[in-house]
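K.L.:
The working numbering numbers the first residue of the sequence shown as 26 and each following residue consecutively.
Ideal Cβ placement from N, Cα and C applies to all residues, glycine included.
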Amino acid sequence: MSASQSIPATEIHAAIGRIAQAIAKRHGPKGKILLLGIANGGVTLAHRLAARLSAPDSQLSAKSGTLDISFHRDDIGRHPIPKEYAPTLIPADVTGAAVILVDDVLFSGRTVKAALNELFDHGRPEKVELAILVDRGFRKLPVAANYTGLTLDALETAKVVVKLDPATHAADTITVVPSKA
Numbered sequence: 026m027s028a029s030q031s032i033p034a035t036e037i038h039a040a041i042g043r044i045a046q047a048i049a050k051r052h053g054p055k056g057k058i059l060l061l062g063i064a065n066g067g068v069t070l071a072h073r074l075a076a077r078l079s080a081p082d083s084q085l086s087a088k089s090g091t092l093d094i095s096f097h098r099d100d101i102g103r104h105p106i107p108k109e110y111a112p113t114l115i116p117a118d119v120t121g122a123a124v125i126l127v128d129d130v131l132f133s134g135r136t137v138k139a140a141l142n143e144l145f146d147h148g149r150p151e152k153v154e155l156a157i158l159v160d161r162g163f164r165k166l167p168v169a170a171n172y173t174g175l176t177l178d179a180l181e182t183a184k185v186v187v188k189l190d191p192a193t194h195a196a197d198t199i200t201v202v203p204s205k206a
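(1) Sorted by chain position, which residues of the same chain lie with C-beta nearer than 6 Å to A196's C-beta, five sequence neighbours on each side aside?
(2) With T35 as the anchor, note down where its alpha helix (DSSP H) starts and where it stops.
(3) Ignoring anything shorter than 4 residues, give me the alpha helix (DSSP H) runs that lie fully in the stretch 89-171, in order along the chain.
(4) Just to confirm my understanding: we take S89, look at its own chain, exclude 5 residues before and 5 after, and list those with CB closer than 6 Å. What are they?
(5) Output needed for G67: all residues of its chain with C-beta closer than 7 Å, excluding positions within five of it in sequence on either side, in chain order.
(6) How is the alpha helix (DSSP H) around L61 delimited, first residue to last?
(7) Using the three-state DSSP reduction, which class does T69 fall into: helix, strand or coil?
(8) How is M26 classed by DSSP in three states: helix, strand or coil?
(9) Start and end of the beta strand (DSSP E) containing T198?
(10) On the CB-based measure, 16 or more other CB atoms within 10 Å of its CB, does G162 come out buried or exposed?
(11) Buried or exposed: F96, going by 16 or more other Cβ atoms within 10 Å of its Cβ?
(12) DSSP on A87, reduced to helix/strand/coil?
(13) On the three-pair Cβ rule with 8 Å, is the stretch 141-161 touching the stretch 111-127?
(14) Does the beta-carbon distance from T198 to S31 come in below 8 Å?
(15) Report the residue from Q46, L144 and P167 whose alpha carbon sits nearest the alpha carbon of Q94.
(16) Would V185 and A179 be called neighbours here (beta carbons separated by less than 8 Å)?
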């Protein structure tokens, strides 16, 4: 792929809808789940999924929170804590809970490993699942998502940039930017 590729907001919203439907189907009408957005990319997605899953026509109970993985990253020396720091905020006890980790892009799997380490610092969930908006492949660890919105065929060196606007959903974009080399 030599040129940038963009995915429009309509496709992004349809993908989020598919993820929400799959979660609702798996957890049933009386299910209680805790959606934890991995900071920073998964936070807005977790809030949107929780809003859809907790809609008045749904009998599912979904709470959303934030999981900061900064201190569990294996590359913290090369990538210090970002300026857009989002602390871990978990709205309910994780011990015995059904937790869904939420992130925007699944690539090597290292972010998910760090998120699991942070999660288990707060308790022992009954079950942990993974919801991803974009799976771009090229895993370095044995990690697979339970729920995937989109699967992209991007080069390993390409950058996948997801922008979910918390206020204006029509401004949502996903862009695949090829490497400069």
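P.N.:
A quick look at the data gives this:
(1) Here residue 196 corresponds to residue number 171 of the sequence shown, with the count starting at 1. Only D190 meet the Cβ criterion.
(2) Against the sequence shown, residue 35 aligns to sequence position 10. Residues A34 to H52.
(3) 135-145
(4) Here residue 89 is taken as the residue at index 64 of the sequence shown, counted from 1. Around S89: L60, A71, H72 and A75.
(5) Indexing the sequence shown from 1 puts residue 67 at position 42. Taken in chain order, the residues that qualify are V127, D128 and D129.
(6) Locating residue 61 in the sequence shown gives position 36, where the first residue counts as 1. Not the alpha helix (DSSP H): L61 falls in the beta strand (DSSP E), residues K57 to I63.
(7) Translated into positions along the sequence shown, residue 69 becomes position 44. T69 falls in the helix class under three-state DSSP.
(8) Looking up residue 26 in the sequence shown gives position 1. Confidence in M26 is poor, its pLDDT being 44 and thus under 50, which makes the residue's placement unreliable; the coordinate value appears in the next sentence. M26: coil per DSSP, three-state reduction.
(9) Within the sequence shown, numbered from 1, the residue matching residue 198 stands at position 173. It spans T198 to V202 - the beta strand (DSSP E) in which T198 sits, taken as one unbroken run.
(10) Within the sequence shown, residue 162 is the residue found at index 137, counting from 1. Classification of G162: exposed, given that the 10 Å Cβ count is below 16.
(11) For this step, residue 96 is matched to residue 71 along the sequence shown. Label assigned to F96: exposed.
(12) The count along the sequence shown starts at 1 and reaches residue 87 at position 62. Three-state DSSP puts A87 in a strand.
(13) yes
(14) Here residue 198 corresponds to residue number 173 of the sequence shown, with the count starting at 1. Here residue 31 corresponds to residue number 6 of the sequence shown, with the count starting at 1. It is a contact, given that the beta carbons lie within the stated cut-off.
(15) In the sequence shown, the residue the question calls residue 94 occupies position 69. A small correction: the amino acid at residue 94 is Ile; Gln does not occupy that position in the sequence shown. Comparing Cα positions, the closest option is L144.
(16) The residue you call residue 185 lines up with position 160 of the sequence shown. The residue you call residue 179 lines up with position 154 of the sequence shown. Contact: yes.
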